[in-house]
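Step one of this worksheet: look at the structure below.
Number of protein chains: 2
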Amino acid sequence: MKYVLNVQLGPNFMTEDPDDYRGYVVTNGSYNLDDVIRMVKEEGVETSEATIKASVTRVNRKAAQLAVSGHNVNTGLVYLQPMIKGRFYDTVWDPAKHSVYVVATQGADIREALADVEVRILGEKGEAMQLFTITNLVNGNTDGYLTGGRNAEIKGNAIKIDGEDESVGLFFTKTDTKEAVKIPEEFIVVNEPSRVIILVPDTLEPGEYEVSITTQYGYGRNLRKTPRTSILPLPVVVE
Amino acid sequence: MKYVLNVQLGPNFMTEDPDDYRGYVVTNGSYNLDDVIRMVKEEGVETSEATIKASVTRVNRKAAQLAVSGHNVNTGLVYLQPMIKGRFYDTVWDPAKHSVYVVATQGADIREALADVEVRILGEKGEAMQLFTITNLVNGNTDGYLTGGRNAEIKGNAIKIDGEDESVGLFFTKTDTKEAVKIPEEFIVVNEPSRVIILVPDTLEPGEYEVSITTQYGYGRNLRKTPRTSILPLPVVVE
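Just so you know, the sequences run in chain order Z and B. Residue 200 in the numbering used here sits at position 192 of the first sequence, with consecutive numbering throughout. Residue 223 in the numbering used here sits at position 215 of the second sequence, with consecutive numbering throughout.
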């Protein structure tokens, strides 16, 4: 079986060369564990969804606990390896400068799936609307951790928020409850085709969100009749 | 419950500053999915190990398949996001220059475990023996993919292979069968306290290995009576 991956080309933010493009995966949507379990169940597995979920969750939590207590863990899907961030000039652990994180690297299950991927390059450069990255302007991090009451910068292609359609806007959608919060216009401080800077409302409940932009902007002189939506590839965590 | 993570300080290969150290996690060993499932089972879960394993494996494989077909997947343990490596100067996909990979980022299960970590900084700088990284000298990659018949460089602390104890040596241990292959001395082309360069034998069966060094070297004038062993944090894949 072949898995199809659609790719669009966009600017390479890593280099200054304007002729140098990077490939960005066209996201077909996001799934959580319940979605994945439902799909596994639909393929005709006898075990109940509740048992599958309990099993996976227990194994995942145990794997996480082993990793943070100094073990390398191979779950088949990923390898987990604990790492330390920050520089040391003495032997004192300072939580303000140092932190523990877990690096996850693709495991055998992903390698096997990758062997069956067919890549299709779609569309023209500069045509597709896509959110690429979000940067917490407090520390320059792009790992999705945002700080309430501070600025964050979204980069992308054709992401300028424009048009009168009622669906247009920048949204933070809680990944657990699916409740969508529209970011008020006065919190959007830069609104350009390839860059949107927001003030992350400090009223946002801490937790995990999906960030999306819906816009009628389309590079032409006229607005598009039908708004387009793009979701940031990685969920963000508001702290 | 507190998870204890032991950290040792070692040279920072990212900077030229000799006073600048990085923290390296002291690895307590490696676990695979079977090990994790056994531990979960020992905590008193009714579901059989076989059912747990089938559930986790099906969910992991489905998550991998969804990721490589353009979805962002949140398994609770990790977020998976497909990405494209390589620069584009036109819209042609060239497997020699471009590849698909899956970025895995720590999810809620890991964040929760990290909240309960107590870090202990152990030992003196330069004292501990530890393998840090392996670099495939064909392409400079440090993701663990090695090429048979080509060189790879291991960096670490006090890793020089030295001593007459019969356990001393550099070993590639197959992660599935646990079969250990000792790398012959003539394949070890540089053998220094912080750097070992090997020729990866092209007779090694393709697959996943744990890399370890056992040595009596210890910075002093005399060899240590008891050999020490350190395992490379990430398994390698011989292609």
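Heads up, the beta-carbon is just placed ideally off N, CA and C, and yes, glycines get one too. It should be emphasised that the depicted structure is a prediction, and the values quoted were computed from it without experimental measurement.
The shortest CA-to-CA distance from residue 159 of chain Z to any of Z:171, Z:138, Z:204, Z:109 is the one to Z:204. Per the coordinates, the alpha-carbon of residue 214 of chain Z lies some 41 Å from the alpha-carbon of residue 165 of chain B. The stretch 216-228 of chain B makes no contact with the stretch 115-130 of chain B: fewer than 3 CB pairs, one atom from each, lie closer than 8 Å. Only residues of its own chain outside the window of five on either side were considered, and among them 81, 88, 90, 110 have a CB closer than 6 Å to the CB of residue 75 of chain B, listed in chain order. The contact set of residue 77 of chain Z on chain B, defined by CB atoms closer than 8 Å, consists of 11, 12, 13, 36, 125 in chain order. In the same chain as residue 175 of chain Z, and ignoring 5 residues on each side of it, the C-beta atoms closer than 7 Å to its own belong to 222, 235, in chain order. Secondary structure at residue 137 of chain Z: coil, using DSSP grouped into helix, strand and coil. Look at residue 186 of chain B here: in three-state DSSP terms it is coil, with no helix or strand label. Around the beta-carbon of residue 46 of chain Z, fewer than 16 other beta-carbon atoms lie within 10 Å, marking it exposed. Under the Cβ criterion of 7 Å, residue 70 of chain B is counted among the residues facing chain Z. At a beta-carbon threshold of 8 Å, the residues of chain B lying near residue 241 of chain Z are 80, 89, ordered along the chain.
With contact defined as three or more Cβ pairs closer than 8 Å, the stretch 58-66 of chain Z and the stretch 58-69 of chain B are in contact. Listed by position along chain Z, the residues whose Cβ is nearer than 9 Å to that of residue 63 of chain B are 45, 48, 53, 55, 59, 60, 61, 62, 63, 64, 67.
In this structure, the straight-line span from the alpha carbon of residue 52 of chain B to that of residue 171 of chain Z is close to 57 Å. With a threshold of 7 Å between beta carbons, residue 31 of chain B makes contact with chain Z.
Judged by beta-carbon spacing, residue 84 of chain B lies beyond the 7 Å limit of residue 37 of chain B, meaning their Cβ atoms are not closer than that value. Here DSSP, grouped into helix, strand and coil, assigns residue 168 of chain B to coil. Relative to the Cα of residue 153 of chain Z, the nearest Cα in the group Z:12, Z:33, Z:217, Z:55 belongs to Z:217.
Residue 127 of chain B has its alpha-carbon roughly 6 Å from the corresponding atom of residue 12 of chain B. Cβ-Cβ distances below 6 Å link residue 150 of chain Z to 141, 143 in the same chain, with the five nearest sequence neighbours on each side left out; the list follows chain order.
The three-state reading of DSSP puts residue 213 of chain B in coil, since its state is none of H, G, I, E or B.
Taking 7 Å as the threshold, the shortest C-beta distance from residue 181 of chain B to chain Z does not fall below it. Of the other Cβ atoms in all chains shown, 16 or more fall within 10 Å of the Cβ of residue 68 of chain Z; this residue is therefore buried. Our two residues, residue 78 of chain Z and residue 14 of chain B, have alpha carbons roughly 7 Å apart in a direct line.
Taking every protein chain shown into account, the CB of residue 103 of chain Z has fewer than 16 other CB atoms within 10 angstroms, so this residue is exposed. In the DSSP annotation of this structure, residue 57 of chain Z is not part of any beta strand (DSSP E); the continuous alpha helix (DSSP H) holding it starts and ends at 57-76.
Look at residue 104 of chain B here: in three-state DSSP terms it is coil, with no helix or strand label. According to the DSSP assignment, residue 174 of chain B belongs to no beta strand (DSSP E), since it is labelled neither H nor E. Residue 208 of chain Z is outside the set of residues whose beta carbon lies under 7 Å from a beta carbon in chain B. DSSP places residue 50 of chain B within a helical segment (H, G or I) once states are collapsed to three.
Here residue 177 of chain Z really is in contact with residue 190 of chain Z; their C-beta atoms are around 5 Å apart, less than 8 Å. In the DSSP assignment, residue 119 of chain B falls within the unbroken alpha helix (DSSP H) covering 116-122. Scanning its chain for C-beta atoms nearer than 8 Å, with the 5 sequence neighbours on each side dropped, one finds around residue 233 of chain Z the residues 224, in chain order. Within chain B, the residues placing a beta-carbon under 7 Å from that of residue 40 of chain Z are 82, ordered along the chain. Taking 7 Å as the threshold, the shortest C-beta distance from residue 121 of chain B to chain Z falls below it. Of the residues assessed, residue 93 of chain B falls on the exposed side of the cut-off, its CB having fewer than 16 other CB atoms within 10 angstroms.
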